[in-house]
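Chains as they are written, first to last, in this note's numbering: chain A, 11 to 349; chain B, 11 to 349. One structure is given below, encoded as structure tokens.
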DNA sequence: TTAGGGAGTGATAACGTTGTCATAATTGAA
DNA sequence: TTCAATTATGACAACGTTATCACTCCCTAA
């Protein structure tokens, strides 16, 4: 069993001190050209690769960033992951995906992660971005982090966000402009900070149009596809069936479309459906979905940038960076039939 | 700027040697109960957390596994990732997502990854599982790895796989049993090792049924949604339109359904569509897709297990582990109209 | 008693880097 | 030339762990 070559092996092969080898490998000045060549040749011949643990011991950054998400979202952080990965790749950083169960002792889970992995920073995705225990733990352990789409305490630590209420307001406005007056709303889970503002934006738009949504038309959901099916069935089997349904996220909106299909209701002829987030699935479903684009990919790329910058230079003060949303009209919405 | 406490800090606070502290923290025997308590109290009071880099220096495993994938698949390794994550979480391991561009110098990209990250092993997803440069590089650097769904050299290194040809044969058989005789096929990209066996299985089933697919009914694709739309348009605008289309993966199959919708062809009445993989999107699309289930999640979980086991104990010889596929009949297929 | 042995400790040396400082070699100006 | 500056190099410590081995106890069996 041959151990892998170290700096000292390279040094003795190149007939120099190991410190000189270190200098060459780190591109430091004050090394003669000829010596530099000799060292590089020796390193190459031995197949030398630096020992990462040893580097870390002297305080070098790990170049590893963690993406923290709630296991309830298993498989639904794709956009976030891509955004973070793109930037990591550019900067020579790496991304570790860290699922935690928000219903368990999150503090302990985070402690475990941090005690077994050397991370330069963490990206927090919803709903963890608003979890008080998560934030308190990270602050206590002095771990750098950026929150994605938080809804409270935006000055407390760096974060990236859009104005959910305003976005929901805009999308509702779009439905109203199409001529819809009876609009159903599928809510997000109460524990999820995004749920409130989205409903609020919806209500405000309705209110401003002089409409009062029936309590029966505002149904619960929990951001899952299945809850979207349930909600869809509930809304679409009513006598006073809404002519449009706005689900607080895309997954539920897709569930609503599935429910509509079950019931033989064509979209958008019999009912219009709109979502929120503009996920990949919304764009490329059988029937492209009208939704509000939340630029999660860019937001996470920016979050990654913030972490990398903070690791490299001196820590800047907490920055909150807002992003623009965009209503994406697609095929799942149309004016109601009688108009 | 306070450095974080070390073992020695704990030692002096607990009035013992730092070696004893190490013993306590690692649960080694030969420590008096009273001393153990004193040490633990001290460690707790100081908020001591072990330095991971230092541990690594002495040869401890990093408990970090890399999931390698081709950037052409950005966002499409969800199933693989979930499988790997589940097992990592159970075992206290972590997962780093590592995209590489297969069209570039993969060897160098891998060298870079390995020189900046201490990994206990790598999981290779298609098409990297069959990339000769990738495999050669990993063998040269003696990096433990498991290949997911490779098609060549299954004895060369540990891997998990299904029999793609047999699976395609079975799905084609299902379509034939429904009564279809004119079946279109959308191929995968030639560079992707899964493409060949799937087409071969299709051909063999047709052949066995005494049918010869028209060359015009076997169209190219590259595993993307967009190429599925193209292929769909091409097949569905022909005079001798097939009554069923089998796409070599789900993404393309969904593209075909989108093309059908464009053309006003209802599924499965006017045309049946089937895919391959049973991805999340296939299960939960507006119209649940008939497909062959390749248990990617379980396969990757098993791959992760193999890596973890190899890290812990002595390395076993290369093992190839086969998995069962399953035809998943759903709503996108039905007997052809005239039957 | 007294050797033998195990349980409980602690000194000290790795591990493979980077950082600090001293020294040797070279250059440049007087 | 000769001294001073600069450049090139090396010796050694430091980083925070775990591993090795030696040592001190105390208990037991001869």
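We put the CB at the ideal spot given by N, CA and C, even for glycine. All of these numbers come straight from a predicted model, not from anything done at the bench.
Residue i - containing alpha helix (DSSP H), residue span
{"i": "residue 22/A", "result": "17 to 24"}
{"i": "residue 143/A", "result": "142 to 150"}
{"i": "residue 49/B", "result": "43 to 56"}
{"i": "residue 120/A", "result": "116 to 126"}
{"i": "residue 32/A", "result": "28 to 35"}
{"i": "residue 264/A", "result": "260 to 272"}
Interface residues of chain A facing residue i [CB-CB closer than 8 angstroms]
{"i": "residue 109/B", "result": "95 and 99"}
{"i": "residue 132/B", "result": "None at all; the shortest Cβ gap to chain A is about 13 angstroms."}
{"i": "residue 113/B", "result": "By Cβ distance, chain A contributes nothing, its closest Cβ being about 15 angstroms from residue 113/B, past 8 angstroms."}
{"i": "residue 340/B", "result": "The premise fails here: residue 340/B is roughly 12 angstroms from chain A at the closest Cβ pair, so nothing lies under 8 angstroms."}
Nearest-angstrom Cβ-Cβ length linking residue i and residue j, presumed shorter than 8 angstroms
{"i": "residue 264/B", "j": "residue 224/B", "result": "Between residue 224/B and residue 264/B the Cβ distance is about 24 angstroms, and since that is not below 8 angstroms, they are no contact."}
{"i": "residue 91/B", "j": "residue 77/B", "result": "6 angstroms"}
{"i": "residue 199/B", "j": "residue 233/B", "result": "6 angstroms"}
{"i": "residue 124/A", "j": "residue 153/A", "result": "6 angstroms"}
{"i": "residue 287/A", "j": "residue 260/A", "result": "5 angstroms"}
{"i": "residue 254/A", "j": "residue 281/A", "result": "7 angstroms"}
{"i": "residue 306/B", "j": "residue 131/B", "result": "So it is not a contact: roughly 18 angstroms between Cβ atoms."}
{"i": "residue 258/B", "j": "residue 205/B", "result": "6 angstroms"}
{"i": "residue 341/B", "j": "residue 297/B", "result": "5 angstroms"}
{"i": "residue 2/A", "j": "residue 105/B", "result": "Chain A is shown from 11 up to 349; residue 2/A falls before or after that span and cannot be answered."}
{"i": "residue 96/B", "j": "residue 319/B", "result": "So it is not a contact: roughly 16 angstroms between Cβ atoms."}
{"i": "residue 49/B", "j": "residue 30/B", "result": "7 angstroms"}
{"i": "residue 345/B", "j": "residue 189/B", "result": "5 angstroms"}
{"i": "residue 133/B", "j": "residue 314/B", "result": "7 angstroms"}
{"i": "residue 128/A", "j": "residue 57/A", "result": "Residue 128/A to residue 57/A, Cβ: 25 angstroms. No contact."}
{"i": "residue 148/A", "j": "residue 80/A", "result": "That belief does not hold up - the Cβ atoms of residue 148/A and residue 80/A are roughly 15 angstroms apart, past 8 angstroms."}
7 angstroms Cβ cut-off: residues of chain B touching residue i
{"i": "residue 161/A", "result": "Here the premise fails: no neighbours, minimum Cβ distance about 26 angstroms."}
{"i": "residue 235/A", "result": "294"}
{"i": "residue 60/A", "result": "125"}
{"i": "residue 242/A", "result": "Near residue 242/A there are no residues of chain B at all, since even the closest Cβ is about 12 angstroms away, more than 7 angstroms."}
{"i": "residue 360/A", "result": "The shown model of chain A, from 11 to 349, leaves out residue 360/A, and the question about it has no answer."}
{"i": "residue 313/A", "result": "The contacting residues do not exist; residue 313/A stays about 16 angstroms from chain B at best."}
N-terminal and C-terminal residue of the beta strand (DSSP E) that residue i is part of
{"i": "residue 133/A", "result": "131 to 134"}
{"i": "residue 157/A", "result": "155 to 158"}
{"i": "residue 86/A", "result": "First-last for residue 86/A: undefined, no H or E at that position."}
{"i": "residue 80/B", "result": "74 to 80"}
{"i": "residue 106/B", "result": "104 to 110"}
{"i": "residue 70/A", "result": "That residue, residue 70/A, is in no beta strand (DSSP E); it is neither H nor E in DSSP."}
{"i": "residue 254/B", "result": "254 to 257"}
Proximal chain A residues relative to residue i, where beta-carbon distance stays under 9 angstroms
{"i": "residue 245/B", "result": "Under the 9 angstroms cutoff, chain A gives no residues; its nearest Cβ is about 17 angstroms from residue 245/B."}
{"i": "residue 308/B", "result": "Those do not exist, as residue 308/B stays about 15 angstroms from chain A at its closest Cβ, beyond 9 angstroms."}
{"i": "residue 264/B", "result": "294, 295 and 296"}
{"i": "residue 145/B", "result": "Residues of chain A passing the Cβ test: none, with the nearest at roughly 18 angstroms."}
{"i": "residue 291/B", "result": "290, 291, 294 and 295"}
{"i": "residue 106/B", "result": "74, 104, 105, 106 and 107"}
{"i": "residue 149/B", "result": "Correct list: empty, because the minimum Cβ distance to chain A is about 13 angstroms."}
Beta-carbon neighbours of residue i, restricted to chain B and to distances below 9 angstroms
{"i": "residue 102/A", "result": "122 and 126"}
Interface residues of chain A facing residue i [CB-CB closer than 7 angstroms]
{"i": "residue 52/B", "result": "Within chain A, no residue comes near residue 52/B; the closest Cβ sits about 17 angstroms away, beyond 7 angstroms."}
{"i": "residue 268/B", "result": "296"}
Proximal chain B residues relative to residue i, where beta-carbon distance stays under 8 angstroms
{"i": "residue 303/A", "result": "Here the premise fails: no neighbours, minimum Cβ distance about 16 angstroms."}
{"i": "residue 138/A", "result": "None at all; the shortest Cβ gap to chain B is about 15 angstroms."}
query = Is the segment 112 to 121 of chain A touching the segment 124 to 144 of chain B, taking contact as three or more C-beta pairs under 8 angstroms?
reply = With contact defined as three or more Cβ pairs closer than 8 angstroms, the segment 112 to 121 of chain A and the segment 124 to 144 of chain B are not in contact.
In chain order, each beta strand (DSSP E) run of at least 3 residues that lies wholly inside the segment 162 to 246 of chain B = Entirely contained in the segment 162 to 246 of chain B, the beta strand (DSSP E) runs reaching 3 residues are, in chain order, 169 to 171 and 193 to 196.
task = Would you check if the segment 267 to 285 of chain B and the segment 206 to 214 of chain B touch, i.e. whether three or more CB-CB distances between them fall below 8 angstroms?
result = Between the segment 206 to 214 of chain B and the segment 267 to 285 of chain B, the count of Cβ pairs shorter than 8 angstroms is below three; the stretches do not touch.
request  = Count the C-beta pairs between the segment 229 to 249 of chain B and the segment 166 to 186 of chain B that are closer than 8 angstroms, then say yes if the count reaches three, no if not.
outcome  = They do not touch, by the three-pair rule.
ask   = How do the segment 21 to 41 of chain A and the segment 38 to 50 of chain B stand: do at least 3 beta-carbon pairs fall below 8 angstroms, yes or no?
value = At 8 angstroms Cβ cutoff, the stretches do not touch.
key: Entirely enclosed beta strand (DSSP E) segments - the segment 281 to 332 of chain A, minimum 3 residues   = For the segment 281 to 332 of chain A, the full-length beta strand (DSSP E) segments reaching 3 residues or more read 282 to 284, 301 to 303 and 330 to 332 along the chain.
task = For the segment 13 to 20 of chain B and the segment 177 to 196 of chain A, state whether three or more C-beta atom pairs, one from each stretch, are separated by less than 8 angstroms.
result = Contact between the segment 13 to 20 of chain B and the segment 177 to 196 of chain A is absent, because fewer than three Cβ pairs lie under 8 angstroms.
inquiry  = Pairs of beta-carbons, one from the segment 213 to 221 of chain A and one from the segment 238 to 256 of chain A, closer than 8 angstroms: are there three or more?
reply    = No, because fewer than three Cβ pairs between the segment 213 to 221 of chain A and the segment 238 to 256 of chain A fall closer than 8 angstroms, the two stretches do not touch.
query = Between the segment 176 to 185 of chain A and the segment 294 to 311 of chain A, are three or more C-beta pairs nearer than 8 angstroms?
reply = With the cut-off at 8 angstroms, the segment 176 to 185 of chain A and the segment 294 to 311 of chain A touch.
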